Amino acid sequence: MRSFGGSIGLAIAVIILNSRIRSSVPLEEALLPQQAAALYKSPLAIESFSPPLQALVATTYAEAFAQQMRVAAYVSALGFLLSLCTLEQNPFRALGRPSGAGCTAPPGAPGAHGLPNGEASQSSIAEKKFAAQVSADAVGDHV
335 MRSFGGSIGL
345 AIAVIILNSR
355 IRSSVPLEEA
365 LLPQQAAALY
375 KSPLAIESFS
385 PPLQALVATT
395 YAEAFAQQMR
405 VAAYVSALGF
415 LLSLCTLEQN
425 PFRALGRPSG
435 AGCTAPPGAP
445 GAHGLPNGEA
455 SQSSIAEKKF
465 AAQVSADAVG
475 DHV
């Protein structure tokens, strides 16, 4: 999924760059048609341009890059706001556990749940029953 998102982001960046180059009136007036075609094929074509034309192309690229970063910032801000909508007050509720359950040592471990020598508490017994039920449900779903 991350590669797919990167591909979409790259495509948007290229679209912004190309539209900025094509809409740049000073650049369009200064470039010959074959120079423009060479620039669209590869940015390395700038090496064959005169120094003033190189500066104009560099300015256009800088403006396009700034616009790309603004778009990336807006998309990131939107993603952050959307992620806040998925925030849960008690993420353990979805698992059927009380708040904070599962954040301690595993049941049966020395000192688990604050009890000496790994003695089982009522909550660790309930956790074992819950885990057994979840395992049985998972096996039943796959059969």
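Using our numbering, the letters of the sequence shown correspond one by one to residues 335 to 477. Ideal Cβ placement from N, Cα and C applies to all residues, glycine included. These numbers were taken from a predicted model, which means no experiment stands behind them.
Enclosing alpha helix (DSSP H) for residue i [first to last residue]
i: T394; result: 385-419
i: E363; result: 359-364
i: P367; result: 367-375
Spatial distance of residue i from residue j (CA atoms)
i: E362; j: A370; result: 8 Å
i: G340; j: A347; result: 10 Å
i: Y408; j: G343; result: 12 Å
i: R336; j: A389; result: 36 Å
i: G452; j: L418; result: Note that G452 scores a pLDDT of 49, beneath 50, so its modelled location is shaky and nothing firm can be said.
i: A398; j: K463; result: 59 Å
i: Q368; j: P360; result: 16 Å
Sub-8 Å separation of residue i and residue j beta-carbons
i: Q402; j: I350; result: yes
i: A364; j: L378; result: no
Burial state of residue i (16 or more Cβ within 10 Å)
i: R354; result: buried
i: V391; result: buried
i: E381; result: exposed
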